[in-house]
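Note sheet for the following structure.
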Amino acid sequence: MKRIALFPGSFDPFTKGHEDIVLRGLSLFDEIIVAIGYNSSKSQRYFPIAFMVEKIEETFANYPNISVKTFSELTAEFAKKNKAKYLLRGLRNTTDFEYENSIAQVNRNLNNELESVFLITSPLFASINSSIIREVHRYQGDVSSMIPYKL
């Protein structure tokens with residue numbers, strides 16, 4: 047049976063830390079779907095979703111087992127529709143763990159076939175997060191060392 051993992055997030059923007067988690071996840075899964083969700087708690091995106099889809103697809107152009115999809119429903123339902131039995135998530139610190147643990151419990155309750163798999167972020171990327179990148183970019187700072195594509 048094919049091991050399909052969903053790597054869900056808002057990815058506003060997709061970072062080198064995200065790229066690292068996906069590439070490391072390939073040793074565990076046959077296929078990874080980078081799933082860009084429409085986050086109901088975020089009123090407006092900084093980077094348009096279509097732009098992010100294009101940039102993530104460009105990043106993984108040489109990996110036929112990595113795809114990019116968008117969704118606007120519960121992650122557990124989207125996973126079911128895509129035959130994904132795993133959620134791949136990255137953890138930078140204990141704060142991430144607390145947040146992700148709660149989400150993993152809810153997703154498991156909604157879809158009892160769904161396992162959350164957590165990878166610890168590589169130290170090189172632990173300080174990178176999308177909020178910092180948006181702020182640096184907003185004021186014309188150089189974010190090229192934090193993202194795996196050109197803006």
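Residues in the sequence shown are numbered consecutively from 47, following this note's numbering.
Backbone N, C-alpha and C fix where the C-beta goes; we use that ideal spot for every residue, glycine too.
Task: Neighbourhood of Y92 by C-beta, 6 angstroms cutoff - its chain only, sequence neighbours within 5 removed - done: One-based indexing of the sequence shown puts residue 92 at position 46. Answer for Y92: D58 and R180, listed in chain order.
Task: Assigned secondary structure, E159 (DSSP; H/G/I helix, E/B strand, else coil) - done: Translated into the one-based positions of the sequence shown, residue 159 becomes position 113. Three-state result, E159: coil.
Open item on the list: Can you list, in chain order, the residues of its chain with a C-beta nearer than 6 angstroms to that of L52? Leave out the 5 residues immediately preceding and following it.
Closed with: In the sequence shown, the residue the question calls residue 52 occupies position 6. Around L52: I79, A81, A125, A130 and L133.
TODO: Determine, using beta carbons only, whether G136 and L170 come nearer to each other than 8 angstroms.
DONE: On the sequence shown, position 90 is the one that residue 136 refers to. On the sequence shown, position 124 is the one that residue 170 refers to. Going by C-beta atoms, G136 is not nearer than 8 angstroms to L170.
TODO: Buried or exposed for S118, please, with buried defined as at least 16 other CB atoms from any protein chain shown within 10 angstroms of its CB.
DONE: The residue given as residue 118 occupies position 72 in the sequence shown. It counts as exposed.
Task: Boundaries (first-last residue) of the alpha helix (DSSP H) holding S176 - done: Taking the first residue of the sequence shown as 1, we reach residue 176 at position 130. Counting along the chain, the alpha helix (DSSP H) containing S176 begins and ends at S176 to R184.
- [ ] Could you pull the start and end residues of the alpha helix (DSSP H) that I102 belongs to?
- [x] Working through the sequence shown from its first residue, we reach residue 102 at position 56. Run containing I102: I95 to T105, per the alpha helix (DSSP H) assignment.
TODO: Return the Cβ separation of T105 and E65 in integer angstroms, given the expectation that the two are a contact with Cβ distance under 8 angstroms.
DONE: Reading the sequence shown from its first residue, position 59 is the one you call residue 105. Reading the sequence shown from its first residue, position 19 is the one you call residue 65. Yes, T105 and E65 are in contact; Cβ-Cβ is about 6 angstroms, under 8 angstroms.
Task: A150 and S162 closer than 8 angstroms at C-beta - done: Taking the sequence shown and counting its residues from 1, the one referred to as residue 150 is at position 104. Taking the sequence shown and counting its residues from 1, the one referred to as residue 162 is at position 116. Contact: yes.
Open item on the list: Taking the alpha-carbon of T167 as reference, which of Q186, N139, S191 and S177 has the nearest alpha-carbon?
Closed with: Locating residue 167 in the sequence shown gives position 121, counting from the first residue. Looking only at Q186, N139, S191 and S177, the smallest Cα-Cα distance to T167 is reached by N139.
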